[in-house]
Amino acid sequence: MGLLLLFCVVAVIADFNGQERLEALGWLLAVVTFIALVAGIIIAGKRFSTKNDDTQQRRADQH
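Going by my numbering, 42 is the number at position 48 of the sequence shown; the sequence numbering is gapless.
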């Protein structure tokens, strides 16, 4: 999350200084970081829900 903010700040500062390449790189890295963050949340959510399903199935098997 901090990296996302850092890359956005770099892009905005580069925009004010007229450095177009650095600005483009900052926005590109911000987008890539955001996609990785969302993918990580989705993967973690699927693992957590699968873990709960396994636990519930084991409990049902015991009874």
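Glycine is no exception: its CB is placed at the ideal position from the N, C-alpha and C atoms.
All figures in this text were calculated on a predicted structure; none of them were measured in a lab.
- Residue environment for Gly20: buried (at least 16 other C-beta atoms within 10 angstroms of its C-beta).
- Secondary structure remark: continuous alpha helix (DSSP H) runs of at least 4 residues inside the region 11 to 38: none found.
- The beta carbon of Asp9 is closer than 8 Å to those of Glu17 in its chain, skipping five residues each way along the sequence.
- The alpha-carbon of Val32 is positioned some 21 Å away from that of Val4.
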